[in-house]
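Residue numbers for the sequence shown follow the working numbering, so the first one is 1321 and each next one is one higher. Remarks on the structure that follows.
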Amino acid sequence: FYDDYASMLARRPPPAEEYDQTAITDRDMMVRAAFMHMRGDVAGKAILLVGDADLLSLCLARTGLPSRIQVIDIDTRVIDFVNQTAK
1321 FYDDYASMLA
1331 RRPPPAEEYD
1341 QTAITDRDMM
1351 VRAAFMHMRG
1361 DVAGKAILLV
1371 GDADLLSLCL
1381 ARTGLPSRIQ
1391 VIDIDTRVID
1401 FVNQTAK
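Here is the structure:
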């Protein structure tokens, strides 16, 4: 799981300064997803992410736990990457 996610992150678009994007590490993203799951916010849930430069959507999708994930982002590069990778 981790290696697959890290491989996805290696291909993501670089952060865009005009949108004040910064990226967290792949390990930190795994911790974030685990924290959300421990709090009961993932399994069987419909998740809406406003901004996804960190690709949390793909990390959560790889778990197979959410019932649905929707991403809204001003950066079309992020949306395109998420859509292509999710397929």
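Glycine included, C-beta positions come from ideal geometry on N, C-alpha and C. Everything numeric in this text was worked out from a predicted model, so none of it was measured.
With a threshold of 16 other CB atoms inside 10 Å of the CB of residue i, please say whether the residue is buried or exposed.
i: Pro1386; result: buried
i: Asp1346; result: buried
i: Met1358; result: exposed
i: Asp1323; result: exposed
In terms of residue numbering, what span does the alpha helix (DSSP H) encompassing residue i cover?
i: Val1362; result: Unbroken run through Val1362: none, as it is neither H nor E.
i: Arg1397; result: Thr1396 to Ala1406
i: Ala1326; result: Tyr1322 to Ala1330
Name the residue from the options whose alpha carbon lies nearest to the alpha carbon of residue i.
i: Asp1400; options: Phe1321, Thr1345 and Asp1372; result: Asp1372
i: Tyr1339; options: Asp1374, Ser1327, Lys1365 and Asp1348; result: Asp1374
i: Ile1344; options: Thr1396, Val1402 and Leu1376; result: Leu1376
i: Val1370; options: Phe1321, Arg1347, Ile1389 and Pro1335; result: Ile1389
i: Tyr1325; options: Gly1360, Val1391, Thr1383 and His1357; result: Thr1383
i: Thr1342; options: Gln1404, Val1402 and Val1398; result: Val1398
Please state if the CB of residue j and the CB of residue i are separated by a distance shorter than 9 angstroms.
i: Leu1378; j: Val1362; result: no
i: Ile1392; j: Leu1368; result: yes
Following the continuous beta strand (DSSP E) through residue i, name the residue where it begins and the one where it ends.
i: Arg1388; result: Arg1388 to Ile1392
Do residue i and the ligand HEM come close, with the Cβ less than 8 angstroms from some heavy atom?
i: Ala1381; result: What this structure holds is no ligand at all, so the ligand HEM is not there to describe.
May I ask you to verify whether the region 1352-1365 touches the region 1328-1343, counting CB pairs closer than 8 angstroms and requiring at least 3? no
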